[in-house]
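Worksheet: the structure to be examined is printed underneath.
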Amino acid sequence: MSIKKFRLPLSLLGVFLLLVIFFLPLFQGKVLFQSDTQGWKGMVQEIQSFKDKTGEHSYWTGNLFSGMPTINIDSGSNSNLFLYAEKLFNMIPSAVWMLFITFLGFFVLLRVLGVKHWLALIGGVGYMLSSYFIIITAVGHVTKMHALSYFAFVVAGIILTYQKKYWKGGLLFAISLSLHIAANHPQITYYLLLLVLLYGVFELVKTIREKTWNHFFKASLVLVAGAILAVGTNAENLFKVYDYAKVSTRGEQILGDDTSTQGVDLTYATEWSYGIDETLTLLMPNLKGGGSNGKLLDKDSETYAVLEKMRVQNPEAVLKSIPTYWGPQLFTEGGVYVGALLFFFFVFGLFEVKGQMKWWLLSATLLSISLAWGRNFMSFYEFFYNTLPFFNKFRTPSMILVVAEFTIPLLGILGLAQAFRNRRNINETKKNLLWSGGITLGICLLLWLIPSLVGDFSGARDGQLPEPLRNALLEDRKALLRSDALRSIFFVLAGAIVLWFAFQNKLKQTVIYILLGLLVVIDLYLVDKRFLNEDNYVNKRKLEKFYPYTADVEILKDKELIYRVLDITESPFNSSRASYFHKSIGGYHAAKMRRYQDLIEHQLHPEMETLVEGLQAQKPVDSLMQQLPVLRMLNLKYLIYNPEASPIKTNEGLGNAWFINNVKIVDTPTEEMSQLGNIDPENTLVILKDESTRISVKKDAFGDIKMVRYAPNHLQYESESATGGVAVFSEIYHPDWVAKVDGKQTTIARVNYTLMAIDIPQGNHSIELIFKPQKYEIWCWIGLISSIVLLLLIGIFYFRLTTKRD
Numbered sequence: 029m030s031i032k033k034f035r036l037p038l039s040l041l042g043v044f045l046l047l048v049i050f051f052l053p054l055f056q057g058k059v060l061f062q063s064d065t066q067g068w069k070g071m072v073q074e075i076q077s078f079k080d081k082t083g084e085h086s087y088w089t090g091n092l093f094s095g096m097p098t099i100n101i102d103s104g105s106n107s108n109l110f111l112y113a114e115k116l117f118n119m120i121p122s123a124v125w126m127l128f129i130t131f132l133g134f135f136v137l138l139r140v141l142g143v144k145h146w147l148a149l150i151g152g153v154g155y156m157l158s159s160y161f162i163i164i165t166a167v168g169h170v171t172k173m174h175a176l177s178y179f180a181f182v183v184a185g186i187i188l189t190y191q192k193k194y195w196k197g198g199l200l201f202a203i204s205l206s207l208h209i210a211a212n213h214p215q216i217t218y219y220l221l222l223l224v225l226l227y228g229v230f231e232l233v234k235t236i237r238e239k240t241w242n243h244f245f246k247a248s249l250v251l252v253a254g255a256i257l258a259v260g261t262n263a264e265n266l267f268k269v270y271d272y273a274k275v276s277t278r279g280e281q282i283l284g285d286d287t288s289t290q291g292v293d294l295t296y297a298t299e300w301s302y303g304i305d306e307t308l309t310l311l312m313p314n315l316k317g318g319g320s321n322g323k324l325l326d327k328d329s330e331t332y333a334v335l336e337k338m339r340v341q342n343p344e345a346v347l348k349s350i351p352t353y354w355g356p357q358l359f360t361e362g363g364v365y366v367g368a369l370l371f372f373f374f375v376f377g378l379f380e381v382k383g384q385m386k387w388w389l390l391s392a393t394l395l396s397i398s399l400a401w402g403r404n405f406m407s408f409y410e411f412f413y414n415t416l417p418f419f420n421k422f423r424t425p426s427m428i429l430v431v432a433e434f435t436i437p438l439l440g441i442l443g444l445a446q447a448f449r450n451r452r453n454i455n456e457t458k459k460n461l462l463w464s465g466g467i468t469l470g471i472c473l474l475l476w477l478i479p480s481l482v483g484d485f486s487g488a489r490d491g492q493l494p495e496p497l498r499n500a501l502l503e504d505r506k507a508l509l510r511s512d513a514l515r516s517i518f519f520v521l522a523g524a525i526v527l528w529f530a531f532q533n534k535l536k537q538t539v540i541y542i543l544l545g546l547l548v549v550i551d552l553y554l555v556d557k558r559f560l561n562e563d564n565y566v567n568k569r570k571l572e573k574f575y576p577y578t579a580d581v582e583i584l585k586d587k588e589l590i591y592r593v594l595d596i597t598e599s600p601f602n603s604s605r606a607s608y609f610h611k612s613i614g615g616y617h618a619a620k621m622r623r624y625q626d627l628i629e630h631q632l633h634p635e636m637e638t639l640v641e642g643l644q645a646q647k648p649v650d651s652l653m654q655q656l657p658v659l660r661m662l663n664l665k666y667l668i669y670n671p672e673a674s675p676i677k678t679n680e681g682l683g684n685a686w687f688i689n690n691v692k693i694v695d696t697p698t699e700e701m702s703q704l705g706n707i708d709p710e711n712t713l714v715i716l717k718d719e720s721t722r723i724s725v726k727k728d729a730f731g732d733i734k735m736v737r738y739a740p741n742h743l744q745y746e747s748e749s750a751t752g753g754v755a756v757f758s759e760i761y762h763p764d765w766v767a768k769v770d771g772k773q774t775t776i777a778r779v780n781y782t783l784m785a786i787d788i789p790q791g792n793h794s795i796e797l798i799f800k801p802q803k804y805e806i807w808c809w810i811g812l813i814s815s816i817v818l819l820l821l822i823g824i825f826y827f828r829l830t831t832k833r834d
């Protein structure tokens, strides 16, 4: 019986078992402690609890940033029917199946490009084990990994279509793109779009040379149709994301002279820029010290020896807090490493592969690396930031290295395939091997001999350390670089020797594949274990929920319907811990509402500094609060300053809603923001002139408003007023809020830059604020219809296939 019949299922089983071994604790009852996933739990806690109780999804949560839409946290329903297929994977840990899909896509792509089974298997496994995928899995960037898992499938579908396999290619492209978009990571989708557009340019050049216009237009139309269907299946979610982007930090700037500017501020956008010399982590992972922690240091390190000499208590714990990373990024979990051997294959491929494929992959690699440099190559990055549509919506330039992480192993494996296929020019192949080996080994050897070529090994936070400790850390960083340089020399040299004997016909092809496969797996597996190992796992019960502080327990005894909490035990606007338990003024989200971000920068940060300084000076909290109008209008009641102490309570928060007796009208948003620090929000509101027509400017309104029922998307109040007038609600404004007085809809005005106000008649009234957007329904139908059309096309293709066989 021929092994060829079983080599595919056996190969797939082997790769799956490799992943099981790598993630073995997941199959032994443990779970990964993923910091971002844990943070996400804090974000969604309120809306998930609400759904568990009512069966209804809320598009608004009151627990983050005083209230915000939930679109980018949990979008609710999704009419893409293909997502139901993914539910079959739910019995397998997501880390495992996403990486398996990543392998499978790259394997399929290589097979589409004519690479033999066993070499494609090596390439797929090498791509799957790229360090970046393991790092983002470890920290819980789930949507990013989800989107990346279909990256190669999308490219395979495009190439298959241009190979005149219109049905197969078009359907593979449409289905994989549909699932890729459904993962909901627009930045990864954008980088995939850049990659495929670049491929399209090279296909166009080829078409012009060969004059194959009919085929080019036919293939392109198939792909356009596939893209329309893929986008259509995700219409509901895409519209939600687009709709939210308009009011988020990805949308237009509001303050300042140039309010037409859209997207993320350039300085903020380029904060995580890869260093130019840091690019060599692709070949040597610890070139810049690895991660921003001491995980790579042990008791044999110079740093540990100094800690012992200094008689530091618990030196092992202190060691883990010392950053070995010394590159230009703010912090990082580790370098992007594609594997020393695969990097060597890439350089070999540059010599061995000819034509369009090489130039596409080289161009994409160089573009990816150059953009990843961000502020370190600002003129180049700024050109794209100012020129390319939507490019300025994204931050973290280093993320675009996912493209190089894709193109480097792809060109490398294509180079090997070409060499094994082209036995006639074996002398030229040997020459290419010597050149590529010399270049790769030369880089490693040079840095092993002269590590100072990439810098002085000083990190941004080293100044905080005593001089003996600082000097020891410099030596350890240098040792990490030299160790990895030597390590890379070993793997490159071993791979080069195997290839040399292979090209001399001294080894059987089976032996070649086994040796190369083992070298690739061992190389990447060992590096990956630096970032994801036993330390990353915890017992499932420990991860199921946040454990409350003493302060949280005290606050939760307060049964008032709604009040707000500020947790300053950690960065309040970069943590969702407090949001798990409370209506928090802080929270964490990569794309906050623009107006709230402005409020944080211009008002909340200064007020928090004043509050903390005053408390340190032992001033009474209520007297301090009287100087903090924005915290008062956001209804702050409790301040958490020590996890194990009772919270600080203030009575100066203004409550859920209140009548005002003075209206201050201004001309610009900048004036509105600046006036917030000067008004008494209990009696005065500030409003833009254009917005002021939505409410009366009647003064001297008196009365009482209290909240009687709370749900995150439906707030109910009762008012009593002898005069009637304007009432301010301590809720964050969004255009989709609907206000009703005694069941009749009324107008909402945006006031105090971020809050809402409505006119309330005199007497007793019931008031409702409802956040239940209806505009998503039509997009839901578009998604459903597109899914059905794509399923019908799959059925037609299957029918054609079986008919041909018959």
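Read left to right, the sequence shown gives residues 29 to 834 (this note's numbering). The C-beta atom is built at its ideal place from N, Cα and C for all residues, glycine as well. No experiment lies behind these values; they were computed from the predicted model shown.
**OP:** Specify, as a first and last residue, the run of the beta strand (DSSP E) that A685 falls within.
**Re:** By 1-based counting over the sequence shown, the position of residue 685 is 657. Residues 685-687.
Original post:
In the DSSP assignment, what are the bridge partners of L667?
Top reply: Numbered from its first residue, the sequence shown carries residue 667 at position 639. DSSP output for L667 lists L594, I676 as bridge partner(s).
**OP:** Tell me the start and end of each unbroken beta strand (DSSP E) in the region 194-237 that is at least 3 residues and wholly inside, in chain order.
**Re:** none
**OP:** Starting from the Cα of D490, find the closest Cα among P479, L477, V482, R505 and give me that residue.
**Re:** By one-based count along the sequence shown, residue 490 stands at place 462. Minimum Cα distance to D490 is reached at R505.
Subject >> Cβ distance (whole Å) where I795 is taken to contact V779 below 8 Å >> reply: For the purposes of this step, residue 795 is taken as residue 767 along the sequence shown, with counting starting at 1. For the purposes of this step, residue 779 is taken as residue 751 along the sequence shown, with counting starting at 1. Their Cβ separation, rounded to whole angstroms, is 16 Å, which puts I795 and V779 out of contact at 8 Å.
**OP:** With a cut-off of 8 Å on the beta carbons, I'd call I583 and Y666 a contact; round off their distance for me.
**Re:** Taking the sequence shown and counting its residues from 1, the one referred to as residue 583 is at position 555. Taking the sequence shown and counting its residues from 1, the one referred to as residue 666 is at position 638. Sure, about 5 Å apart at Cβ, within 8 Å.
**OP:** Kindly indicate which three-state DSSP category L315 falls into: helix, strand or coil?
**Re:** The residue given as residue 315 occupies position 287 in the sequence shown. Coil.
Subject >> Cβ distance (whole Å) where L310 is taken to contact F376 below 8 Å >> reply: Along the sequence shown, one-based indexing puts residue 310 at 282. Along the sequence shown, one-based indexing puts residue 376 at 348. The pair is not a contact, with the Cβ atoms about 15 Å apart (cut-off 8 Å).
**OP:** Out of G771, W195, H85, V143, point me to the one whose CA is closest to G823's CA.
**Re:** Residue mapping note: residue 823 aligns to position 795 of the sequence shown, counting from 1. Nearest option by C-alpha distance: W195.
**OP:** May I have the straight-line CA-CA distance separating K677 from E699, to the nearest angstrom?
**Re:** The residue labelled residue 677 in the question sits at position 649 within the sequence shown. The residue labelled residue 699 in the question sits at position 671 within the sequence shown. One C-alpha to the other measures close to 32 Å.
Original post:
Buried or exposed: T468, going by 16 or more other Cβ atoms within 10 Å of its Cβ?
Top reply: Residue mapping note: residue 468 aligns to position 440 of the sequence shown, counting from 1. Burial call: buried.
Subject >> Span separating the alpha-carbon of L315 from that of V140 >> reply: Locating residue 315 in the sequence shown gives position 287, where the first residue counts as 1. Locating residue 140 in the sequence shown gives position 112, where the first residue counts as 1. Roughly 35 Å separates the two Cα atoms.
**OP:** For the alpha helix (DSSP H) holding K32, just list the boundary residues, first then last.
**Re:** For this step, residue 32 is matched to residue 4 along the sequence shown. Looking at the DSSP string, the run of the alpha helix (DSSP H) that includes K32 is 32-50.
Subject >> Continuous alpha helix (DSSP H) stretch holding A524: start and end >> reply: To locate residue 524, count along the sequence shown from 1; it is residue 496. First-last of the alpha helix (DSSP H) with A524: 495-531.
**OP:** Assign Q644 to one of two classes, buried (16 or more other C-beta atoms within 10 Å of its C-beta) or exposed (fewer than that).
**Re:** As a first step, residue 644 must be located in the sequence shown, where it is residue number 616. Per the 10 Å Cβ criterion, exposed.
Original post:
Counting along the chain, where does the alpha helix (DSSP H) carrying S407 start and finish?
Top reply: By one-based count along the sequence shown, residue 407 stands at place 379. That run of the alpha helix (DSSP H) goes 406-415.
Subject >> Boundaries of the alpha helix (DSSP H) in which S301 is found, first to last residue >> reply: Here the question's residue 301 lines up with position 273 in the sequence shown. Per DSSP, S301 lies in no alpha helix (DSSP H) and is assigned neither H nor E.
Subject >> Start and end residues, alpha helix (DSSP H) containing D787 >> reply: Along the sequence shown, read from residue 1 onward, the residue named residue 787 stands at position 759. Taken as a continuous stretch (DSSP letters only), D787 belongs to no alpha helix (DSSP H), being part of the beta strand (DSSP E) at 783-788.
**OP:** Could you tell me whether the region 148-160 touches the region 356-374, using the rule of 3 or more Cβ pairs below 8 Å?
**Re:** yes
Original post:
Would you say A673 and E719 are within 9 Å of each other, going by their C-beta atoms?
Top reply: Counting from 1 along the sequence shown, the entry for residue 673 is found at position 645. Counting from 1 along the sequence shown, the entry for residue 719 is found at position 691. It is not a contact, given that the beta carbons lie outside the stated cut-off.
**OP:** Give me the Cα-Cα distance between V59 and Q66, rounded to the nearest whole angstrom.
**Re:** On the sequence shown, residue 59 is found 31 positions in, with the first residue counted as 1. On the sequence shown, residue 66 is found 38 positions in, with the first residue counted as 1. Looking at the two C-alpha atoms, the distance is approximately 12 Å.
**OP:** Starting from L439, follow the alpha helix (DSSP H) in both directions and report where the run begins and ends.
**Re:** Taking the sequence shown and counting its residues from 1, one reaches residue 439 at position 411. Element bounds for L439: 429-449.
Original post:
So what does DSSP say about R737, is it helix, strand or coil?
Top reply: Here residue 737 is taken as the residue at index 709 of the sequence shown, counted from 1. Reduced to three states, the DSSP call for R737 is strand.
**OP:** Reducing DSSP to helix, strand and coil, say where S396 ends up.
**Re:** Translated into positions along the sequence shown, residue 396 becomes position 368. Reduced to three states, the DSSP call for S396 is helix.
Subject >> Pick from V366, V364, N321 that is closest to S349, judged by C-alpha positions >> reply: The count along the sequence shown starts at 1 and reaches residue 349 at position 321. Answer by Cα proximity: N321.
Original post:
From K557, V817, L521, pick the residue whose C-alpha is nearest to that of L543; which is it?
Top reply: Within the sequence shown, the letter at position 515 stands for residue 543. Of K557, V817, L521, the residue nearest in Cα terms is L521.
Subject >> Bounding residues of the beta strand (DSSP E) (the contiguous stretch that carries H169) >> reply: Residue 169 sits at position 141 when you count from the first residue of the sequence shown. Counting along the chain, H169 falls outside any beta strand (DSSP E), and DSSP gives it neither H nor E.
Original post:
Are E380 and Q446 close, meaning C-beta to C-beta below 9 Å?
Top reply: As a working mapping, residue 380 is identified with position 352 in the sequence shown. As a working mapping, residue 446 is identified with position 418 in the sequence shown. Yes, these two residues count as a Cβ contact at 9 Å.
**OP:** Apply the 10 Å Cβ neighbour rule to P709 and answer buried if 16 or more other Cβ atoms are within range, or exposed otherwise.
**Re:** Here residue 709 refers to the residue found at position 681 of the sequence shown. P709 should be labelled buried.
Original post:
Could you give the uninterrupted runs of the alpha helix (DSSP H) lying entirely in the region 342-368, keeping only those of 4 residues or more?
Top reply: 343-348
**OP:** In the DSSP assignment, find the unbroken alpha helix (DSSP H) run with Y155 in it and report its ends.
**Re:** For the purposes of this step, residue 155 is taken as the residue at position 127 of the sequence shown. Where Y155 is concerned, the enclosing alpha helix (DSSP H) stretches over 145-156.
Subject >> 8 Å contact criterion, which G642 and N663 should meet: CB distance rounded >> reply: The residue labelled residue 642 in the question sits at position 614 within the sequence shown. The residue labelled residue 663 in the question sits at position 635 within the sequence shown. With a Cβ gap of about 19 Å, G642 and N663 do not count as contacting.
Original post:
According to the Cβ coordinates, are T331 and L390 closer than 9 Å?
Top reply: As a working mapping, residue 331 is identified with position 303 in the sequence shown. As a working mapping, residue 390 is identified with position 362 in the sequence shown. No; because the gap between Cβ atoms is not below 9 Å, this pair is not in contact.
Original post:
Around the C-beta of F799, are 16 or more other C-beta atoms found within 10 angstroms, so that it is buried, or is it exposed?
Top reply: For the purposes of this step, residue 799 is identified with residue 771 of the sequence shown, where counting begins at 1. Buried: at least 16 other Cβ atoms inside 10 Å.
Original post:
Taking buried to mean at least 16 other C-beta atoms within 10 Å of its own C-beta, is Q492 buried or exposed?
Top reply: The count along the sequence shown starts at 1 and reaches residue 492 at position 464. Exposed is the call here.
**OP:** Could you tell me the boundaries of the beta strand (DSSP E) in which S749 lies?
**Re:** In the sequence shown, the residue the question calls residue 749 occupies position 721. Start and end: 742-749.
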